[in-house]
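Contents: one structure, followed by commentary.
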Amino acid sequence: ISTLSYDQWNLLSTLVYSFDEYSRYSLVEQFIEDQNTLPVKLRFKHSIVTDFFTSIMSRIQLVYEKHRDILSLSH
23 ISTLSYDQWN LLSTLVYSFD EYSRYSLVEQ FIEDQNTLPV KLRFKHSIVT DFFTSIMSRI
83 QLVYEKHRDI LSLSH
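Residues 23 to 97 in the working numbering are what the sequence shown spells out, letter by letter.
Right, dumping it as structure tokens:
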């Protein structure tokens, strides 16, 4: 038995869908594949990884900006 209401489940479902849409897990997979094709000394350089994760974090932030009503799940 769930402690979430029907509306809360809908909000959670929307959040999960949005997260999938904006986070683009496939981008992470592609990034890793691309890095693994490089010579060992060039793989996963700090600046490239930092830029990549900054990009991913900004995408994730979009999820919360677009769905502020998700905050109501805590009430």
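Glycine residues also receive a C-beta, built at the ideal position from the N, C-alpha and C atoms.
- The three-state secondary structure of Phe66, taken from DSSP, is coil.
- Across the set Leu64, Asp29 and Arg46, the C-alpha of Arg46 shows the shortest separation from the C-alpha of Arg81.
- When DSSP states are grouped into helix, strand and coil, Leu34 belongs to the helix group.
- Taking a C-beta distance under 8 Å as the contact criterion, Ile78 and Val50 qualify as a contact pair.
- Cβ neighbours of Arg65 within its own chain (closer than 8 Å, five residues either side excluded): Gln57 and Asn58.
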